[in-house]
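These notes concern the structure reproduced below.
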């Protein structure tokens, strides 16, 4: 996914499609002073560069074939809020948000819609592994008004909607799926 030459013809290997979800990603979590250039490169290449390369491959084919398509990129609430130890992850997901908006602007005239979802921690295997420590999870959960992390289907269903014709006029948006983490940011402040 991070190799431009291999991604170039990727769309031609999957047959007819009009939907793409860019969901590959990783998080290298460590304090700023422990982050390495390798962490940066790997995270940015997989989380952001791959979105660009894969989307370009599919979009090029759709435009050539006259296909109306829809792309949904998996971003994160971390694109909107700095999280301790998440320098490369937060930065890569902020890049995904801007890639989403830029692609929506440039691909919209070709009837290709591009949106993103920005979930909180999702209780996948990776989410459970990274957030199972109560000392780490409790402060995050206390910043989410719904006081819980997302289940995988709570992210999959909005993605399916964004890919569908029911969302035909939604383009260029980054949709929080975060239990209110971003929309209710005042809850991150100390209680007075």
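Numbering (the numbering used here), first residue to last: -8 to 183. Beta carbons are placed, not taken as given, at the ideal position from N, Cα and C, and that holds for glycine. Being a predicted model, the structure only gives us computed values, none of them experimental.
For residue 86, the enclosing alpha helix (DSSP H) stretches over residues 78 to 98. For residue 143, the enclosing alpha helix (DSSP H) covers residues 143 to 154. When rounded, the separation of the alpha-carbon atoms in residue -8 and residue 35 is 12 Å.
The beta carbon of residue 99 sits closer than 7 Å to those of 162, all from its chain and outside the five residues before and after it, given in chain order. Here residue 77 is buried: its Cβ has 16 or more other Cβ atoms, across all protein chains shown, within 10 Å. Between the stretch 159 to 173 and the stretch 101 to 118 there are three or more C-beta pairs closer than 8 Å, enough to call the two in contact. Between the C-alpha atoms of residue 83 and residue 56 there is a straight-line separation of about 31 Å. Straight across, the Cα-Cα distance linking residue 13 with residue 44 is about 10 Å. One alpha carbon belongs to residue 28, the other to residue 40, and they sit about 16 Å apart. Assignment of residue 60 by DSSP, reduced to helix, strand and coil, places it in the strand class.
With a cut-off of 8 Å on Cβ pairs, the stretch 121 to 135 is not in contact with the stretch 145 to 160, counting fewer than three such pairs.
Under DSSP, residue 104 forms a beta bridge with 61. Between residue 26 and residue 91, the beta carbon gap of about 25 Å keeps them out of contact (Cβ cut-off 8 Å). Shown here, residue 74 sits in coil according to DSSP, grouped into three states, outside any helix or strand.
The beta-carbon distance between residue 68 and residue 167, rounded to whole angstroms, is 6 Å. This is short enough to meet the 8 Å contact definition.
Closest by C-alpha distance to residue -4, out of 48, 159, 59, 156, is 48.
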